[in-house]
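>
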Amino acid sequence: MNLVDFRRTICEYFEECEASGAFPDEAAMALRLGITREMIEEWLEDSSRGRAGYRRALLDARLRRESVITRGIYASEKSTSGKVFLARQAASGGLHDKPKETREKVAVKVIFRGAPDAFD
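Under the working numbering, the letters of the sequence shown match residues 36 to 155, in that order.
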């Protein structure tokens, strides 16, 4: 499927979900697109020029999904714990309330000076 059709299919999927009141989950979207979850994950990790448009379309779909959940949480007077759980799933945008951790490598060099048998 070319990129234009890919994006159009995603938009149509979201519009149909909105019209029917269904949540636009990633699994049903993948089925509509004729792709697998593994393909989605592979394309999300591949930032090469050939996949960049598909990657962006999938990332945009995740943002749209996160937006649907977030708006539902704020619009609802009922318990929202289920929606919050859904919002925290990667396929739904990966909403989080903690700052993103950065992993920096830290090297510690320990130099012992003194008697060679100090720890015996």
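Just so it is clear, CB atoms sit at the ideal spot from N, CA and C, and this is done for glycine as well. Since the structure is predicted, the reported quantities are computational estimates derived from the model, not experimental observations.
Just curious, the alpha helix (DSSP H) that M36 is in, first and last residue?
No alpha helix (DSSP H) contains M36, which DSSP labels as neither H nor E.
> Of all the alpha helix (DSSP H) runs that stay within the bounds of the region 37 to 96, which reach a length of 4 or more residues?
Correct list: 38 to 55, 61 to 68, 72 to 80.
> At the level of alpha carbons, what is the spacing between A87 and V145?
Cα to Cα, A87 sits roughly 45 angstroms from V145.
> Keeping to the same chain, check which residues put their C-beta closer than 8 angstroms to that of R99; ignore five residues upstream and five downstream.
So the qualifying residues of the chain are F49, P59.
> Taking 8 angstroms as the cut-off, decide whether the C-beta atoms of A92 and R138 are in contact.
It is not a contact, given that the beta carbons lie outside the stated cut-off.
> Going straight from the alpha carbon of D81 to that of A96, what length do you get?
Computed Cα separation, rounded: 16 angstroms.
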